[in-house]
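Taken in sequence, the protein lines are chains A, B and C.
Every position in the first sequence, counted from 1, becomes a number in our numbering once 3 is added.
Every position in the second sequence, counted from 1, becomes a number in our numbering once 256 is added.
Every position in the third sequence, counted from 1, becomes a number in our numbering once 69 is added.
For every residue, glycine included, the Cβ atom is placed at its ideal position computed from N, Cα and C.
In what follows, a structure is listed as structure tokens, so that the remarks can point back to it.
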Amino acid sequence: MVAASQHPNITLMTYSEVEEVGGYVGNFRVKIRQKAKSVNHDLCTGCGICWEKCPNTILNEYNQGLNLRKAIYIRFPQAVPNKPVIDRENCRQFQMDGKCGVCKEVCQAGAIDYEQQDLILEEEFGSIVVATGFDLFAWEKAYGEYGYGKYPDVISGLQFERMSNSSGPTEGKILRPSDGKEPQRVVFIKCVGSRDDAKGKSYCSKVCCMYTAKHAHQVLEKIEGSEVYVFYIDVRTPGKGYEEFYRHSLEEGALYIRGRVSNIIPKNSSLIVRGEDTLLGRQVEVEADLVVLATAMTPSYGSDAVARMIGIGTDKDGFFEEAHPKLRPVECHTAGVYLAGTCQGVKDIPDTVSQASGSAVKVCALFSVDERELDPLTSSVNESICSGCSTCVLVCPFKAIEIKTVTERFYGQTLQRQVAAVNEALCQGCGTCTAACRSGAINLKGFTNEQILAEVKAACL
Amino acid sequence: MSLEKTTAPKPAPAQPGNWEPKIIAFCCHWCAYTAADLAGLSRIQYPAAVRIIRVPCSGRANPQFILKAFQKGADGILVAG
Amino acid sequence: MKRVGVFICHCGSNISAVVDVNSVAEAAKKIPNVAYVTHYKYMCSDPGQEEIVKAVNEHNLNRVVVASCSPRLHEPTFQKTLQRAGLNPYLLEIANIREQCSWVHSKFKDLATAKAIALIRMMVAKAAENVPLLRPSVYIRKKALVIGGGIAGMQAALDIADAGYPVVLVERDNTIGGKMAMLDKTFPTLDCSA
Ligand SMILES: Cc1cc2nc3c(=O)[nH]c(=O)nc-3n(C[C@H](O)[C@H](O)[C@H](O)COP(=O)(O)OP(=O)(O)OC[C@H]3O[C@@H](n4cnc5c(N)ncnc54)[C@H](O)[C@@H]3O)c2cc1C
Numbered sequence: 004m005v006a007a008s009q010h011p012n013i014t015l016m017t018y019s020e021v022e023e024v025g026g027y028v029g030n031f032r033v034k035i036r037q038k039a040k041s042v043n044h045d046l047c048t049g050c051g052i053c054w055e056k057c058p059n060t061i062l063n064e065y066n067q068g069l070n071l072r073k074a075i076y077i078r079f080p081q082a083v084p085n086k087p088v089i090d091r092e093n094c095r096q097f098q099m100d101g102k103c104g105v106c107k108e109v110c111q112a113g114a115i116d117y118e119q120q121d122l123i124l125e126e127e128f129g130s131i132v133v134a135t136g137f138d139l140f141a142w143e144k145a146y147g148e149y150g151y152g153k154y155p156d157v158i159s160g161l162q163f164e165r166m167s168n169s170s171g172p173t174e175g176k177i178l179r180p181s182d183g184k185e186p187q188r189v190v191f192i193k194c195v196g197s198r199d200d201a202k203g204k205s206y207c208s209k210v211c212c213m214y215t216a217k218h219a220h221q222v223l224e225k226i227e228g229s230e231v232y233v234f235y236i237d238v239r240t241p242g243k244g245y246e247e248f249y250r251h252s253l254e255e256g257a258l259y260i261r262g263r264v265s266n267i268i269p270k271n272s273s274l275i276v277r278g279e280d281t282l283l284g285r286q287v288e289v290e291a292d293l294v295v296l297a298t299a300m301t302p303s304y305g306s307d308a309v310a311r312m313i314g315i316g317t318d319k320d321g322f323f324e325e326a327h328p329k330l331r332p333v334e335c336h337t338a339g340v341y342l343a344g345t346c347q348g349v350k351d352i353p354d355t356v357s358q359a360s361g362s363a364v365k366v367c368a369l370f371s372v373d374e375r376e377l378d379p380l381t382s383s384v385n386e387s388i389c390s391g392c393s394t395c396v397l398v399c400p401f402k403a404i405e406i407k408t409v410t411e412r413f414y415g416q417t418l419q420r421q422v423a424a425v426n427e428a429l430c431q432g433c434g435t436c437t438a439a440c441r442s443g444a445i446n447l448k449g450f451t452n453e454q455i456l457a458e459v460k461a462a463c464l
Numbered sequence: 257m258s259l260e261k262t263t264a265p266k267p268a269p270a271q272p273g274n275w276e277p278k279i280i281a282f283c284c285h286w287c288a289y290t291a292a293d294l295a296g297l298s299r300i301q302y303p304a305a306v307r308i309i310r311v312p313c314s315g316r317a318n319p320q321f322i323l324k325a326f327q328k329g330a331d332g333i334l335v336a337g
Numbered sequence: 070m071k072r073v074g075v076f077i078c079h080c081g082s083n084i085s086a087v088v089d090v091n092s093v094a095e096a097a098k099k100i101p102n103v104a105y106v107t108h109y110k111y112m113c114s115d116p117g118q119e120e121i122v123k124a125v126n127e128h129n130l131n132r133v134v135v136a137s138c139s140p141r142l143h144e145p146t147f148q149k150t151l152q153r154a155g156l157n158p159y160l161l162e163i164a165n166i167r168e169q170c171s172w173v174h175s176k177f178k179d180l181a182t183a184k185a186i187a188l189i190r191m192m193v194a195k196a197a198e199n200v201p202l203l204r205p206s207v208y209i210r211k212k213a214l215v216i217g218g219g220i221a222g223m224q225a226a227l228d229i230a231d232a233g234y235p236v237v238l239v240e241r242d243n244t245i246g247g248k249m250a251m252l253d254k255t256f257p258t259l260d261c262s263a
């Protein structure tokens, strides 16, 4: 993280979002909104007095709601950049007409700036790497049998991670959210939302088997005398050293039970986990202090908007679609746009890093030349018969067609007429426009109507 | 595209058991055509009566191509993409 | 005048063991616009490509149909061959007589041979309508945008930056790191994730 922030060739723009993407390979025009941080990061020293004194507390999303944060905050002590922003929606200064000002008062550096505005930056880029990542399946909405998120001691894998992280809300201690006690018996449930056509996603989220083995190990290591039960459908560990890693957690004493959990019922201060052991063919019941759910990975929220903005296809689950599943896994159908990481499909860190490096090579290869030849198999308009109806503009999936005005002389008069115009750099040569064009004015080079009709006729001989 | 004089093809000789349909398939280069190649790679056998026409996208399959194929005597048309 | 050359590949025996290349060549000669036909063991090999270059010049060919494996494999190869022969690369068409013929009709040699002829006829008909095309070129601005500052975005940004190109890394949260920064230790090595 620090390496990325210190590299002389990298400009880091946090608290920013891409708002508009136009143009084409080699020449993308991009509009980026830098949200107002309300803190001048050039002056701020990151001393932390502001968030210490801030009187506003809000549920800490970064720690998965396990504790509270202030309205002026950093995500975690090692955050990059290590300087705060004000969450205006939850800040008294902004919500109660300037009736607070505590942070401004205590800031020695004079860095607090309530007047700061969003900045809009417009820049041109030759290439775009999309790495918008993943989010977790909202199990609270789908799994009534696990309590719809109402039982505090049924947590997600990410909540578990935040607890075991030494910079997290419990400084690395695994504790029950309900009473802050150390759990003795921990149950892990895998495939929550994954491989579940009825309630979740049909795919396997791929990383959960491994991180559950990791979590099991962490419980057994950190809590003396603890017991770990893992409910699973299958254990999948393809990867270098992965099977060994899983075996290690077994040797440490994790008990794996093959079967789905049918329900969780609170009893006194613990939870009764009921399920079926399908190997032994009998019902099992475990009284647990803490239940950890390995929930499915899904595309990150808002990624559909990113896909539309840039012109990336998505698969049935909303992950970004690569140009070819085997041969072009980091490219997409829009030239000059590459995919990295879990935005394209579920992946662990090693796979994410490989794909990211792959997309970087694609970018570097593109940048190794000053000019790039484009495929000439693009649509072209016969302006003399184009009626300017815009049907092609509407059907073009790549936003490659515009309507332009042409001036013509007609029986001594000057006339202006609207016709379609194809941007050759944006056009990917799908030919959808040619099939939609009623006047036959638009044709696809390399696959013209004449060429295909000749083929049809020859095929019918 | 010009509309040619309709010349109905001669009906195929009706020999029971011997008749082969004429099937034209418009296959998207990126998926269906690739799948047809994969069928080859996997040595999956299928009837020889199908003629695949490669198009850059199934969206390229202009309705006129389909009408033309029927006019010229195709028995079945598949647009795959 | 259109003068199409047809070059039939045996692909070792991948094609010729099923398709009777001699009778295909004979039939191809009768297809309208065809000016020259030959067949060879490996059309994509150096001598095979030389055969094409030579024939284009000697027989004044202005369109080429190669009947071989899928265009998804060797279309770029043969486009370069045409360029070497002084022809525009888009005057090439490929008849797929391996993946979509010899490999899928291997038990019916007669039908496969007839289909190969039909496929060549289709591609000759298409090629006759081909026109030279020019590749437009665009200027490449050497600056990259990376959207998302998780491990994927950071790694991509670092690699591009290390190659000497400027990168703008855009992250919507107020820190980079993504999910990985939330994790404690990571499998399979259990090292830290910061
Ligand atoms: C509980 C759990 C434990 C795990 N443990 C391990 C482990 O031990 N080992 C392992 O190898 N893998 C593990 N993984 C998997 C690992 O987390 C992922 O492989 C990895 O984090 C994926 O990185 P990413 O960059 O693709 O996505 P993310 O980490 O999600 O990063 C995406 C980034 O993009 C940003 N972003 C999203 N949309 C936009 C936008 N529109 N504009 C700007 N920025 C945007 C996000 O804010 C985020 O910072 C675990 C996963 C989970 C859920």
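Rounded separation between Glu260(B) and Asn274(B) - CA only: Mapped onto the second sequence, residue 260(B) falls at position 4. Mapped onto the second sequence, residue 274(B) falls at position 18. In this prediction, Glu260(B) has a pLDDT of 49, which is less than 50 and means its spatial position is unreliable; what the coordinates show is noted afterwards. Whole-angstrom Cα-Cα distance: 31 Å.
Simplified DSSP state of Gly25(A), which is helix, strand or coil: The count along the first sequence starts at 1 and reaches residue 25(A) at position 22. Look at Gly25(A) here: in three-state DSSP terms it is strand.
In DSSP terms, what Thr14(A) is bridged to: On the first sequence, position 11 is the one that residue 14(A) refers to. Its beta-bridge partners are Val237(C).
Sub-8 Å separation of Leu192(C) and Arg307(B) beta-carbons: As a first step, residue 192(C) must be located in the third sequence, where it is residue number 123. As a first step, residue 307(B) must be located in the second sequence, where it is residue number 51. At residue 192(C) the sequence reads Met, which differs from the Leu that was named. Contact annotation: Met192(C) and Arg307(B) have beta-carbon atoms that are not nearer than 8 Å.
Neighbour-count burial assignment, Cys436(A), 16 or more Cβ in a 10 Å radius: Start at 1 with the first residue of the first sequence, and residue 436(A) comes out as number 433. Classification for Cys436(A): buried.
Assumed close pair Ile406(A), Ser387(A) - CB separation to whole angstroms, cut-off 8 Å: Locating residue 406(A) in the first sequence gives position 403, where the first residue counts as 1. Locating residue 387(A) in the first sequence gives position 384, where the first residue counts as 1. In this structure, Ile406(A) and Ser387(A) do not form a Cβ contact; the two beta carbons are roughly 16 Å apart against a cut-off of 8 Å.
8 Å Cβ cutoff, Tyr117(A) in contact with chain B: Taking the first sequence and counting its residues from 1, the one referred to as residue 117(A) is at position 114. Not one chain B Cβ lies under 8 Å of Tyr117(A).
Contact under 8 Å by Cβ, Gly344(A) with Thr337(A): To locate residue 344(A), count along the first sequence from 1; it is residue 341. To locate residue 337(A), count along the first sequence from 1; it is residue 334. For the pair Gly344(A) and Thr337(A), the CB atoms are not nearer than the 8 Å cut-off.
Check: Arg241(C) C-beta below 7 Å from any heavy atom of ligand 1: Sequence index remark: in the third sequence, residue 241(C) carries index 172 (1-based). Because some heavy atom of ligand 1 lies under 7 Å away, the Cβ of Arg241(C) counts as near it: yes.
Meets three-Cβ-pair contact criterion under 8 Å: the stretch 305-315 of chain A and the stretch 162-178 of chain A: Segments in contact, no.
Limits of the beta strand (DSSP E) - the one that Gly278(A) falls within: To locate residue 278(A), count along the first sequence from 1; it is residue 275. Its beta strand (DSSP E) spans residues 273-280.
Short Cβ contact (8 Å threshold) for Val135(C) with Cys78(C): Against the third sequence, residue 135(C) aligns to sequence position 66. Against the third sequence, residue 78(C) aligns to sequence position 9. Taking 8 Å as the cut-off, the Cβ atoms of Val135(C) and Cys78(C) count as close.
Pair within 8 Å by beta-carbon distance, Cys346(A) and Ser303(A): Translated into positions along the first sequence, residue 346(A) becomes position 343. Translated into positions along the first sequence, residue 303(A) becomes position 300. In this structure, Ser303(A) lies closer than 8 Å to Cys346(A) by Cβ.
Alpha carbon of Phe191(A) to alpha carbon of Ser272(A), nearest angstrom: Translated into the one-based positions of the first sequence, residue 191(A) becomes position 188. Translated into the one-based positions of the first sequence, residue 272(A) becomes position 269. Their backbone Cα atoms lie some 18 Å apart in a straight line.
Leu139(A) beta carbon near ligand 1 (any heavy atom closer than 7 Å): Translated into the one-based positions of the first sequence, residue 139(A) becomes position 136. In this structure, ligand 1 has a non-hydrogen atom nearer than 7 Å to the beta-carbon of Leu139(A).
Helix, strand or coil at Asn30(A) [DSSP, three-state]: For this step, residue 30(A) is matched to residue 27 along the first sequence. Note: Asn30(A) maps to strand in three-state DSSP.
Near ligand 1: Thr255(C) beta-carbon under 7 Å from a heavy atom: Indexing the third sequence from 1 puts residue 255(C) at position 186. Yes.
Local conformation of Lys261(B) per DSSP, three classes: For this step, residue 261(B) is matched to residue 5 along the second sequence. In this prediction, Lys261(B) scores a pLDDT of 49, lower than 50, which makes its location untrustworthy; the coordinate-derived value is nonetheless stated afterwards. In the three-state reduction of the DSSP assignment, Lys261(B) falls in the coil class, being assigned neither a helical nor a strand state.
Cys53(A) vs Ile77(A) beta-carbon contact at 8 Å: Position 50 of the first sequence, counted from the first residue, corresponds to residue 53(A). Position 74 of the first sequence, counted from the first residue, corresponds to residue 77(A). No.
Outcome for Ala196(C) when other beta-carbon atoms lying within 10 angstroms are tallied against a minimum of 16: Along the third sequence, read from residue 1 onward, the residue named residue 196(C) stands at position 127. In summary, Ala196(C) is buried, with 16 or more beta-carbon neighbours lying within 10 Å of its beta-carbon over all protein chains present.
For Arg141(C), the first and last residue of its enclosing alpha helix (DSSP H): The residue you call residue 141(C) lines up with position 72 of the third sequence. First-last of the alpha helix (DSSP H) with Arg141(C): 140-153.
N- and C-terminal bounds of the beta strand (DSSP E) containing Arg310(B): On the second sequence, residue 310(B) is found 54 positions in, with the first residue counted as 1. Boundaries of the beta strand (DSSP E) around Arg310(B): 306-311.
Residues that Asp260(C) bridges to, as DSSP identifies them: On the third sequence, position 191 is the one that residue 260(C) refers to. Partner(s): Thr255(C).
Pairwise C-alpha distance: Asp199(A) and Ser205(A): For the purposes of this step, residue 205(A) is taken as residue 202 along the first sequence, with counting starting at 1. For the purposes of this step, residue 199(A) is taken as residue 196 along the first sequence, with counting starting at 1. Here the alpha carbons of Asp199(A) and Ser205(A) stand approximately 5 Å from one another.
Cβ pair Glu127(C), Phe76(C) closer than 8 Å: Looking up residue 127(C) in the third sequence gives position 58. Looking up residue 76(C) in the third sequence gives position 7. No, Cβ-Cβ distance for Glu127(C) and Phe76(C) is not below 8 Å.
Simplified DSSP state of Ile300(B), which is helix, strand or coil: For the purposes of this step, residue 300(B) is identified with residue 44 of the second sequence, where counting begins at 1. The DSSP-derived three-state label of Ile300(B) is coil.
CB of Asn3(A) within 8 Å of CB of Pro235(C), strictly: Within the shown structure, residues of chain A are numbered from 4 to 464, placing residue 3(A) beyond reach of any answer.
Pairwise C-alpha distance: Asp89(C) and Glu95(C): Here residue 95(C) is taken as the residue at index 26 of the third sequence, counted from 1. Here residue 89(C) is taken as the residue at index 20 of the third sequence, counted from 1. Distance between the alpha carbons of Glu95(C) and Asp89(C) is about 10 Å.
Under the three-state DSSP convention, the category Thr298(A) falls into: Taking the first residue of the first sequence as 1, we reach residue 298(A) at position 295. Thr298(A) carries a strand assignment under DSSP once its states are collapsed to helix, strand and coil.
Residue interval of the alpha helix (DSSP H) (run including Lys56(A)): Within the first sequence, residue 56(A) is the residue found at index 53, counting from 1. Per DSSP, Lys56(A) belongs to the alpha helix (DSSP H) from 52-56.
Rounded C-alpha distance that separates Ala264(B) from Ala330(B): Here residue 264(B) corresponds to residue number 8 of the second sequence, with the count starting at 1. Here residue 330(B) corresponds to residue number 74 of the second sequence, with the count starting at 1. In this predicted model, Ala264(B) has a pLDDT of only 48, less than 50, meaning its place in the structure is not dependable enough to derive any value.
Nearest-angstrom Cα separation, counted from Leu323(B) out to Glu207(A): Reading the first sequence from its first residue, position 204 is the one you call residue 207(A). Reading the second sequence from its first residue, position 67 is the one you call residue 323(B). Note on identity: in this sequence residue 207(A) is Cys, with Glu being the wrong assignment. Their backbone Cα atoms lie some 44 Å apart in a straight line.
Contacts of Ile308(B) in chain C (Cβ-Cβ under 8 Å): To locate residue 308(B), count along the second sequence from 1; it is residue 52. For Ile308(B), the neighbours in chain C by C-beta distance under 8 Å run, in chain order, Asn165, Gln169.
Arg95(A), DSSP secondary structure in three states: Here residue 95(A) refers to the residue found at position 92 of the first sequence. Arg95(A): helix per DSSP, three-state reduction.
Start and end residues, alpha helix (DSSP H) containing Arg250(A): Here residue 250(A) corresponds to residue number 247 of the first sequence, with the count starting at 1. Where Arg250(A) is concerned, the enclosing alpha helix (DSSP H) stretches over 245-254.
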